[in-house]
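Visitor: Questions regarding the structure given below will be posed in turn.
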Amino acid sequence: MRTKRSMLAAAVAVVGLLLTSCTVTIQPSPGFQITFNDVITEFRPTRGVGSTYYVGEEVRFLLTVTQPGYITLSAIDPDGSVYVFSRNILVPRGSSVLPLDSQRVVYNAAPPRGHHRIRATFTANPTSGTVVYRGRRGDAEWSAAIELELRQADVRDWAETSLVIR
Numbered sequence: 097m098r099t100k101r102s103m104l105a106a107a108v109a110v111v112g113l114l115l116t117s118c119t120v121t122i123q124p125s126p127g128f129q130i131t132f133n134d135v136i137t138e139f140r141p142t143r144g145v146g147s148t149y150y151v152g153e154e155v156r157f158l159l160t161v162t163q164p165g166y167i168t169l170s171a172i173d174p175d176g177s178v179y180v181f182s183r184n185i186l187v188p189r190g191s192s193v194l195p196l197d198s199q200r201v202v203y204n205a206a207p208p209r210g211h212h213r214i215r216a217t218f219t220a221n222p223t224s225g226t227v228v229y230r231g232r233r234g235d236a237e238w239s240a241a242i243e244l245e246l247r248q249a250d251v252r253d254w255a256e257t258s259l260v261i262r
């Protein structure tokens with residue numbers, strides 16, 4: 097009986113050693129069922145990905161695109177709520193800082209505090225704006241709204257960034 101326990105303990109130890117030498121990489125996939133073009137080459141807060149902003153501070157984004165078109169900015173907050181905060185921004189080819197001066201708006205960090213993910217979606221023409229984001233919860237519903245909105249666009253792309261609000 098003692099030999100069986102010793103053998104079992106040794107087997108468990110060997111399996112444990114083998115598993116600790118493994119590396120598991122998980123890449124999040126929004127599950128889009130449509131294909132995208134390589135239009136957005138950079139999208140991030142001007143302070144950098146994952147940067148911290150305090151409630152009330154202005155937030156700006158650096159965006160670089162390979163052709164002119166329209167950008168919609170949507171986000172998911174730490175509570176899982178999805179919303180659009182800017183739709184159909186006409187951007188030129190090249191680099192821009194959002195919001196554009198022509199928009200005459202300011203993006204301010206607002207509660208809830210925590211990790212926020214922001215997606216920029218690109219289309220060559222304005223979207224209809226009929227797809228509703230508010231009221232959706234979670235990554236799957238966010239991705240579904242984006243896919244529904246972009247499905248009719250001939251040229252489309254998306255990019256994601258993040259920031260922390262304190």
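Per the working numbering, the very first residue in the sequence shown carries number 97; after that it's consecutive. Cβ coordinates follow ideal geometry from the N, Cα and C atoms, glycine included.
1) How many Å lie between R262 and A220 at the Cα?
2) Output needed for I122: all residues of its chain with C-beta closer than 7 Å, excluding positions within five of it in sequence on either side, in chain order.
3) Would you report the Cα separation of D134 and I172, rounded to the nearest angstrom?
4) Thinking C-alpha only, which one of P207, A206, P195 is nearest L158?
5) DSSP on S147, reduced to helix/strand/coil?
6) On a CA-only basis, which of V145, I167, G144, R140 is nearest D253? Give me that one, please.
7) A236: which of F132, S177, S191, P141 sits nearest, CA to CA?
8) CB E256 to CB R209, shorter than 7 Å?
9) With distances taken between CB atoms, is the gap from G225 to R183 smaller than 7 Å?
10) By a C-beta neighbour count over all protein chains shown, 10 Å radius and 16 as the cutoff for buried, is I242 buried or exposed?
Guide: Per the coordinate set shown:
1) Position 166 of the sequence shown, counting from 1, holds the residue named residue 262. Position 124 of the sequence shown, counting from 1, holds the residue named residue 220. Rounded to whole angstroms, R262 to A220 spans 35 Å at the Cα level.
2) What you label residue 122 is simply residue 26 of the sequence shown in a count that begins at 1. Note on I122: pLDDT 30, under 50, position unreliable in the model; the coordinate value appears next. There are no such residues.
3) By 1-based counting over the sequence shown, the position of residue 134 is 38. By 1-based counting over the sequence shown, the position of residue 172 is 76. So the alpha carbons of these two residues sit roughly 23 Å apart.
4) Here residue 158 corresponds to residue number 62 of the sequence shown, with the count starting at 1. Nearest C-alpha to L158: P195.
5) Here residue 147 corresponds to residue number 51 of the sequence shown, with the count starting at 1. S147 falls in the strand class under three-state DSSP.
6) Taking the first residue of the sequence shown as position 1, residue 253 is located at position 157. The shortest Cα separation from D253 among V145, I167, G144, R140 belongs to I167.
7) As a position in the sequence shown, residue 236 is number 140, starting the count at 1. Comparing Cα positions, the closest option is S177.
8) On the sequence shown, residue 256 is found 160 positions in, with the first residue counted as 1. On the sequence shown, residue 209 is found 113 positions in, with the first residue counted as 1. Going by C-beta atoms, E256 is not nearer than 7 Å to R209.
9) Start at 1 with the first residue of the sequence shown, and residue 225 comes out as number 129. Start at 1 with the first residue of the sequence shown, and residue 183 comes out as number 87. Contact flag set, yes.
10) In the sequence shown, counting from the first residue as 1, residue 242 sits at position 146. Buried: at least 16 other Cβ atoms inside 10 Å.
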